[in-house]
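Student:
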Amino acid sequence: MLLLCSNVILQAQGITSSQLLGQILDSKGEPLVAASVKAIHEPSGTIYGVYTRDDGRYNIPNMRIGGPYKITISYIGYQTKTETIQQLALGQNFRLNATLMEEAISLGEVVISGAKNELMNSDRTGAATNINKAALESMPTIGRSINDFVRLTPQSRSSSVASTTGSGVSFGGQDSRYNNLTIDGSIFNNNFGLSSSPGGQTNSTPISLDAIAEIQVNLAPYDVRQAGFTGAGINAVTRSGTNKVEGSVFYNFRNQSMVGKNAGANPLVITDFDVKQIGLRLGGPIIKDKLFWFVNWESERRSDPTTLTAFRDSASRNSNTTRVTAKDLDDISKLVKEKWGYETGGYDNYVNETKSDKGLFKLDYNISNGHRLSFRYNFLKSTRDVFISNSGTVTSGSNRNSINALSYKNSNYIINNDVHSYIAELNSIFSSRVSNSFSVGYTANRDYRSSNSSVIPLIDILDGSNNQYISLGYEPFTPNNTLNTDVSQFQDNLTFYLNNHTLTAGVNYETFAFDNLFTPTFYGQYVFNNINDFKNALNGDSVALRRYALNYSALPNQELPWATTKVQMPGAYLQDEISLLNNKLSLTVGVRIDVPIFAETALRNVLVDTMKFKDENGNIVNYGTNKLPNKQYMFSPRLGFNYDVMGNRKLQIRGGTGVFTGRPPFVWISNVVGNNGVLQGSITQDNTNTRKYKFSNDVTANIPANATASPSYNLALIDQGFKFPQVWRNDLAFDFSLPQGLILTVEGIYSKTLNNIYYINANQELSTGNFSGDDSRPYFPGIDKSSTAKTNASRIYDNISDATVLKNTDKGYSYSFTTKLEKPLTKNWSAMVAYNLAEAKDLTSAGSIALNSWRDNKSVNGNNLPDLAYSEFDQKHRIIAGLSYKVNYLKIASTQISLFLQSGNQSRFSLFYSGDQNGDNQSGNDLMYVPNKASDLSFNDLIKKIGSKDSVIATKQQQIDAFENYISNNPFLNDNRGKIVERNALLLKWLTTIDLSIVQEFGVKISGREHKFQIRGDIYNFGNLLSKEWGVGYRINTNSPLNATNVKDAAGKPVYTFGSVSSANVWQKPLPIVEKRATLDDVWQAQIGLRYTF
């Protein structure tokens, strides 16, 4: 049965266990010293035991999660008390106090059995959510991803339906890459930051749900042993074997027939696909009560047939038929095979595949009653076929696979995500006063691209009119594309129990090593104007190329230009957990220090050493390409509390304040190591008049004899004092125990940024003036200029395209107010409903590439001076609700129905000008000003050259009238007249989705063993199945309705045009800003599963 979510305190980084604690008194309220407290985990026979201390208190740490547990408390001359605990939740401190009566007062053994409400618990402080095994087995999920379950946290922000691709979930308005995911305590993030978790690029989940016993999400733990995040700590603990051999096998499937076809009034074309998942889990004893094993394996196969086809004849033509003829494709394939022996592969009617295999092996060893060792290994091997990239084409927006162009199968590429992870943990209880927990782990991620193509250059063939037509050869971004990540870690926590104090001293040490190799166009790119030119060149004739491009290593002996980043992060901490006022008040006080240290792996560019750049304030600054951040001491003091107001757990006040230090996506640092102007050189030449560059299948034919770096390049730099992300987070919550077992929680969280990031371009000239009129923002030297003149005017050094610098800021904050009503599991049903109101602001929401992160930010005063504005990860309103109900009947069958609802704003977005408004040589980054009247702006006539004549398609006045009408018909624009629209100020409309899971189970006993058979159906966006109008989201039609011309009029005002000219020379006015969507997320999706459990 489903317990939707519960909240408990966490006890250590990557927690894997629970704790039993309390105080034993006699009938007079005096402490019993050296009373025996023994706990037996009944499924495994694992025994835990301690004696009470001088004040009658005891602690049994590092206990297996789950249950049931039999607790026996005894003392000579006193009755023995026994209690059964049905379940210990992950990270829970289960407080069990007892009063023993003298034997003369009571005859026999007293047995008390029952469950304790873990929501009203003295050890709860900050916001946290637990998702137990029952929820994992019943909540709706198609992708079988952890992200499908962490959305049960009210403060999370996820997609409109549960994840089917392993995409990230953000918490508290923070970047999803600021989370810390651990499996059994091992760091399991995609630490480089290209996706939120391992396997993200292949749309694979890194670990099977069948291997997981419980998941924990923690936003504000005031235990200093919790670290590595400023978003949320997400920890999953895997299953273990017991004294009974148990297992389960399953098979899930879905295809295009199990997907809705209508998103409101918009029909959705669902291309063919087929997904099959199969898996098993099995566990049992090697030595009863002593040594246990558990194994898990899961496989997923997805096939997606291609849809575009070559033109063969008019009779077979349909909407997916391209203009590219099968004859042209066949001729080219035949020619390159004859000349070079090169196999192109097919060009249509083939299948792209996604493959994922994952497995886990775990041992648990009860060395003695006081010492327990566990070891876990798991792996992921996954691949995904991907079409050739459209980047690097001669004509912007011209795709290599479209209704106008085709490429061959062997010119596609394969993404590979492989993971191998190991973790060992030793938990020891040395006495009633001392315990220890030690863990050591290693994780290797191997992400790389491969290809079915043999090594030849990329060849693009145009149609004679500068449009893409046919592509063959090696995909341009695949050569050598490799990322190797190695993470090592160990942690040791030594804990002392001294009366009402629990003192912990701990250390942890983490190392991260990244070897990144990215060599685009390393095998060269030939672009031919037409098919005949290609055929002639293949025969050895000299032809003019539309373009030739090549990247090559500038290192000695053509060594591959690896970018290596290494960082070590030692940490240490001290903490005291104090119980006061007869256990009514609990305090947690601690401090932690983490020290990131970068190895000197970046190469020096001596030319950059002497360059005088400018910071955002115009100060002269110098940077070195070999200079990574200095050692930084990151302190994290914290204080947490829990107060039982009336002493009966009917009302508790809890919360805390403290600093949390996370890790950045290390791709930000790798950018610095890899973009230094000395690793690679390049050649790009358009419109060659002669065959200056030899056309050959030899990819080394045109590498310069003395290969050196290019004279012009892009730089990524970093501030020497750069610090890891850090926030000061405050939490205050009130928990009320209501009649009928209801728990009402009201909670507020406020986080103030201490260290976040933003970028500047240190090679950009400062602004030179301000526009006149109401929109008086600054303009830059490139205003009123075009092409090369504009580019050079904008740069300090003409040969440095950009010099982006990664810096810290303390600007930013987030808050959330949450109200949650929960009905824990009773009588086969549970329910929960929550509402979260939130706001998050930052300077930028950065991507993975330094230049893009600076360039694509939206600003008013130029991107070197970003404004504090709404974060990309902000979600203002979010409502979630869950319900699970199970009915048993016929003694052998049951039906369980589980629902999950979420409702809220989909996302935020900005309005900005198309083109360059302020002359900073950047397009699409200037936030839009909404005039009081459209006539307040200056417009140019909209002109297009038709033949030899410039024709006016729309006059200035026509555009003014149309823009005025556009503003009036948009409520947001109309309400914001006279204002510059700040970044991410607009909210997409509310979206409500309901997901459903139905599990039908039949059971039978054979030879005393229970066998269960399940038929399961999961339906995402179930409402859309009931009505095509439900569950349909919105999309952004246009967020740049005005076109900036990069000129100012005689009065000094910026000049615009409104709309565009179609190919038929007709004025096209901008579409409405937002309209209804029609994507896979907007229709119902179903999956059927079969399972056998024994």
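Under my numbering, the first residue of the sequence shown is numbered 1183, with each subsequent residue one higher. All C-beta atoms, glycine included, are put in the ideal place defined by N, C-alpha and C.
Take S1209 and list the residues in its own chain whose beta-carbon comes closer than 6 Å to its own, dropping the five residues that flank it on each side.
Tutor: Contacts found: M1283.
Student: At which residues does the beta strand (DSSP E) containing I1713 begin and terminate?
Tutor: Looking at the DSSP string, I1713 is not in any beta strand (DSSP E); the run it does join, the alpha helix (DSSP H), is I1713 to L1720.
Student: Within the continuous alpha helix (DSSP H) that includes F1331, where are the two ends?
Tutor: Start and end: N1329 to V1332.
Student: I need the boundaries of the beta strand (DSSP E) containing G2131, first residue and last residue.
Tutor: Looking at the sequence itself, residue 2131 is Lys, so the reference to Gly does not match. Start and end: K2131 to A2136.
Student: By DSSP's criteria, R1786 is part of a beta bridge. Which residues make up the other side?
Tutor: Answer by DSSP bridge pairing: none, since R1786 is not bridged.
Student: So if DSSP puts Y1433 in a beta bridge, which residue, or which two residues, is it bridged to?
Tutor: Paired residues: I1460 and L2272.
Student: Say whether the region 1735 to 1755 touches the region 1790 to 1799, bearing in mind that this needs 3 or more beta-carbon pairs closer than 8 Å, one atom from each stretch.
Tutor: The region 1735 to 1755 vs the region 1790 to 1799: no contact.
Student: From F1561 to S1603, what distance separates their C-alpha atoms?
Tutor: Each residue's Cα considered, the two are about 6 Å apart.
Student: With C-beta atoms as the reference, is A2297 less than 9 Å away from D2264?
Tutor: Residue 2297 cannot be examined here, being either before or after the span of the chain that is shown, 1183 to 2276.
Student: I think D2108 touches N2114, with their Cβ atoms under 8 Å apart; what is that distance to the nearest whole Å?
Tutor: That belief does not hold up - the Cβ atoms of D2108 and N2114 are roughly 19 Å apart, past 8 Å.
Student: The alpha helix (DSSP H) spanning G1856 covers which residue range?
Tutor: That run of the alpha helix (DSSP H) goes V1849 to G1856.
Student: I'd like to check one pair, Q1908 with G1840: are the Cβ atoms closer than 9 Å?
Tutor: Contact: no.
Student: Tell me the residue span of the beta strand (DSSP E) that contains V1749.
Tutor: Unbroken beta strand (DSSP E) run through V1749: A1745 to L1762.
Student: Who does E1525 pair with in a DSSP beta bridge?
Tutor: Paired residue(s): none; E1525 is not in a bridge.
Student: Is N1888 close to the ligand ATP? I mean its beta-carbon at under 8 Å from any heavy atom of the ligand.
Tutor: Because no ligand of any kind appears in the structure shown, any question about the ligand ATP cannot be addressed here.
Student: Which of the three DSSP states is assigned to G2252 in this structure?
Tutor: Here residue 2252 turns out to be Pro, not Gly, going by the sequence shown. If DSSP states are grouped into helix, strand and coil, P2252 belongs with coil.
Student: Would N1853 be called buried (16 or more neighbouring beta carbons within 10 Å of its own) or exposed?
Tutor: Classification of N1853: buried, given that the 10 Å Cβ count is 16 or more.
Student: Near R1911, what residues of its chain come up, given a Cβ to Cβ distance below 7 Å and the 5 sequence neighbours on each side ignored?
Tutor: A1402, G1840, F1842, I1931 and S1933.
Student: Just to confirm my understanding: we take I1452, look at its own chain, exclude 5 residues before and 5 after, and list those with CB closer than 6 Å. What are they?
Tutor: Counting only Cβ-Cβ distances below 6 Å, and skipping sequence neighbours, we find Q1438 and V1441.
Student: For A1736, collect the residues of the same chain with a Cβ closer than 7 Å to its Cβ; drop the 5 residues on either side in sequence, then sort them by chain order.
Tutor: The residues are V1860, L1861, Q1862, G1863, A1889, T1890 and A1891.
Student: Which complete alpha helix (DSSP H) runs does the region 1892 to 1973 hold, if anything under 4 residues is left out?
Tutor: For the region 1892 to 1973, not a single whole alpha helix (DSSP H) run of length 4 or above is found.
Student: Closest by CA to G1523, which one among K1426, T1577, Y1559 and S1636?
Tutor: Ranking the options by Cα distance to G1523, first place goes to S1636.
Student: Which residue's Cα is closest to the Cα of E1657: I1468, Y1630, P1702 and V1689?
Tutor: Selected option, being the one with the closest Cα: P1702.
Student: Please classify Q1867: is it buried, with 16 or more other beta-carbons within 10 angstroms of its beta-carbon, or exposed?
Tutor: So Q1867 counts as exposed.
Student: My assumption, with CB atoms under 8 Å, is that F1953 sits in contact with F2121. Please give the rounded CB distance.
Tutor: Rounded, the Cβ-Cβ distance is 15 Å, inconsistent with contact.
Student: If you pair each beta-carbon of the region 2005 to 2021 with each one of the region 2053 to 2063, do three or more pairs fall below 8 Å?
Tutor: Segments in contact, yes.
Student: Going straight from the alpha carbon of A1309 to that of E2164, what length do you get?
Tutor: Between A1309 and E2164, the C-alpha separation is close to 31 Å.
Student: Would W1479 be called buried (16 or more neighbouring beta carbons within 10 Å of its own) or exposed?
Tutor: Under this definition W1479 is a buried residue.
Student: Alpha carbon to alpha carbon, how far is G1574 from N1634?
Tutor: Cα to Cα, G1574 sits roughly 21 Å from N1634.
Student: According to the neighbour-count rule (16 or more other Cβ atoms, all chains shown, within 10 Å of its Cβ), is A1985 buried or exposed?
Tutor: Under this definition A1985 is a buried residue.
Student: Please report the straight-line C-alpha distance between D1980 and S1894, rounded to a whole angstrom.
Tutor: Going from the Cα of D1980 to the Cα of S1894 covers about 8 Å.
Student: When you compare the region 1764 to 1779 with the region 1946 to 1960, are there three or more beta-carbon pairs, one atom per stretch, that lie closer than 8 Å?
Tutor: Judged by Cβ distances under 8 Å, the region 1764 to 1779 makes no contact with the region 1946 to 1960, as fewer than three pairs qualify.
Student: With 16 as the cutoff for other CB atoms within 10 Å, does L1680 come out buried or exposed?
Tutor: Its Cβ having fewer than 16 others within 10 Å, L1680 is exposed.
Student: Taking three-plus beta-carbon pairs below 8 Å as touching, is the region 1898 to 1906 in contact with the region 1819 to 1838?
Tutor: Too few Cβ pairs lie closer than 8 Å, so no.
Student: Mind checking who A2013 pairs with in its DSSP beta bridge?
Tutor: The partner list for A2013 (beta bridge, DSSP) reads K2005 and L2065.
Student: Closer than 6 Å by C-beta to S1342: which residues in its own chain qualify, once you throw out the five before and the five after it? Chain order, please.
Tutor: Note that S1342 scores 41 on pLDDT, short of 50, meaning its location in the model is unreliable and no value can be drawn from it.
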